[in-house]
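Structure first, commentary second.
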Amino acid sequence: MSGHSKWNNIKNKKEKSDAQRAKIFTKLLDYFFSYDNTTWEQIDTTENTLTNSILNLTIVEKPKVYFLTGHEEVSEEYLVGATVNLQNSLFEVNTLNLLTSNGIPEKTDLIIVLSPKKDLYEQEYTILESYINNGGNLLYASDLKVQQEANTNWQRILDLYGASIPAGMVLESDKTRTIQDTPYAIIPILKSSDVTSSVYADKTVLVEYAQKIVMKDEATLKSLNVEYTNILNATEKSIYQKFTPEGFVQDGEMGEQPIGTYITKTINSQDPNSEPKQSKLIVLGTAYFL
Numbered sequence: 530m531s532g533h534s535k536w537n538n539i540k541n542k543k544e545k546s547d548a549q550r551a552k553i554f555t556k557l558l559d560y561f562f563s564y565d566n567t568t569w570e571q572i573d574t575t576e577n578t579l580t581n582s583i584l585n586l587t588i589v590e591k592p593k594v595y596f597l598t599g600h601e602e603v604s605e606e607y608l609v610g611a612t613v614n615l616q617n618s619l620f621e622v623n624t625l626n627l628l629t630s631n632g633i634p635e636k637t638d639l640i641i642v643l644s645p646k647k648d649l650y651e652q653e654y655t656i657l658e659s660y661i662n663n664g665g666n667l668l669y670a671s672d673l674k675v676q677q678e679a680n681t682n683w684q685r686i687l688d689l690y691g692a693s694i695p696a697g698m699v700l701e702s703d704k705t706r707t708i709q710d711t712p713y714a715i716i717p718i719l720k721s722s723d724v725t726s727s728v729y730a731d732k733t734v735l736v737e738y739a740q741k742i743v744m745k746d747e748a749t750l751k752s753l754n755v756e757y758t759n760i761l762n763a764t765e766k767s768i769y770q771k772f773t774p775e776g777f778v779q780d781g782e783m784g785e786q787p788i789g790t791y792i793t794k795t796i797n798s799q800d801p802n803s804e805p806k807q808s809k810l811i812v813l814g815t816a817y818f819l
């Protein structure tokens, strides 16, 4: 019976941890999806902010979120806005530089990487790889200014999940899914998932200059113990234009283009008595939301 009880305790802890992690991603997406999809007006979060300020006094331990710095990520002004909104949602938010800190702090729930223009140093890659293999979570967002092919260590991080963001841009030809008939200002389709559940019904997101998310073939993903769900898509009328040193390829690839993907990677332990760990990644083809 003691073994059964121990298993139940482990199972309950894991379920609680998984639910908490899903909540972190949901709250983060809730910040991005700040428009009512029936009126297209920005949602007033004042009431939630006041309520959360009161709840803030009763919470013993907040989820810890870090914005990674040191690679020419998004502007400080952008980080200030994102930080305030996450703090209002009862998160402890800080910045993290892997070279100047003593590694990744314990009990880090999520690391956010927004549009890194510079590659990781090998030391940084090793730190992040270890974090992932211990069940750490990431949100990685790119944009057209990021030379993904040159950022080989960042690509190695994405390779752990079987993902890549090739050079190119998604253009939307469905005018009902654009802003003022501008093909690069897209209202993508939000797919239902456990991380979009609270925003799926009444909110949406507006993005510009989005890139396509490409996942490896089924056999490779199986070998990586990876499963994924596309959570943001352009419509089947959208066009993906590849980018070459000479410019954009005019004859683009038409079809539904994924620009946001939610990935779960299972890490099996070498200890037969230990439960497998899961690392979750949201990868976005843009770091800028209108």
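So that you can map any letter, position 71 of the sequence shown is 600 in the working numbering, and since no number is skipped, the others follow by simple counting. Every residue, glycine too, gets a C-beta built ideally from N, C-alpha and C.
{"Check": "Cα-Cα separation between L649 and T681, rounded to whole angstroms", "Outcome": "8 angstroms"}
{"Check": "Three-state secondary structure assigned by DSSP to A714", "Outcome": "strand"}
{"Check": "Sequence-distant residues of its chain with Cβ nearer than 7 angstroms to K745 (five each side left out)", "Outcome": "G691"}
{"Check": "N- and C-terminal bounds of the beta strand (DSSP E) containing T749", "Outcome": "From DSSP, T749 is part of no beta strand (DSSP E) but of the alpha helix (DSSP H) over 747-752."}
{"Check": "Classification of Q571 by the beta-carbon crowding that lies within 10 angstroms, buried from 16 upward", "Outcome": "With a pLDDT of only 44 at Q571, under 50, the local geometry of the prediction cannot be trusted, and the value read off the model is given with reservation. Exposed."}
{"Check": "Of the listed residues Y654, T795, L761, Y660, nearest to D717 (C-alpha basis)", "Outcome": "Residue identity check: residue 717 is Pro in the sequence provided, not Asp. Of Y654, T795, L761, Y660, the residue nearest in Cα terms is L761."}
{"Check": "Run of the alpha helix (DSSP H) containing Y669, from where it starts to where it stops", "Outcome": "Unbroken run through Y669 is the beta strand (DSSP E), 667-670; no alpha helix (DSSP H)."}
{"Check": "Element boundaries [beta strand (DSSP E), containing I760]", "Outcome": "755-762"}
{"Check": "CB of K593 within 7 angstroms of CB of L619, strictly", "Outcome": "no"}
{"Check": "Local Cβ density within 10 Å of L628, reported as buried at 16 or more and exposed below that", "Outcome": "exposed"}
{"Check": "Beta-carbon proximity of Y769 to V699, cut-off 7 angstroms", "Outcome": "yes"}
{"Check": "DSSP beta-bridge partners of Q770", "Outcome": "M698"}
{"Check": "Three-state secondary structure (DSSP) of L689", "Outcome": "coil"}
{"Check": "CB of A763 within 7 angstroms of CB of Q786, strictly", "Outcome": "yes"}
{"Check": "One or two residues paired with I640 in a DSSP bridge", "Outcome": "Y595, L667"}
{"Check": "Segment contact, 8 angstroms Cβ cut-off, at least three pairs: the segment 718-725 with the segment 660-677", "Outcome": "no"}
{"Check": "Same chain, Cβ closer than 7 angstroms to S722, neighbours up to 5 away in sequence not counted", "Outcome": "T758, I760, Y791"}
{"Check": "Y791 - DSSP class collapsed to helix/strand/coil", "Outcome": "strand"}
{"Check": "Exposure label - S808; buried when at least 16 CB within 10 Å", "Outcome": "buried"}
{"Check": "Three or more C-beta pairs below 8 angstroms linking the segment 631-649 and the segment 660-670", "Outcome": "yes"}
{"Check": "Rounded separation between L750 and E653 - CA only", "Outcome": "25 angstroms"}
{"Check": "Span of the beta strand (DSSP E), counted from its first residue to its last, around Q485", "Outcome": "Because residue 485 is not part of the residues shown, which for the chain are 530 to 819, the question remains open."}
{"Check": "Where the alpha helix (DSSP H) containing E653 begins and where it ends", "Outcome": "651-662"}
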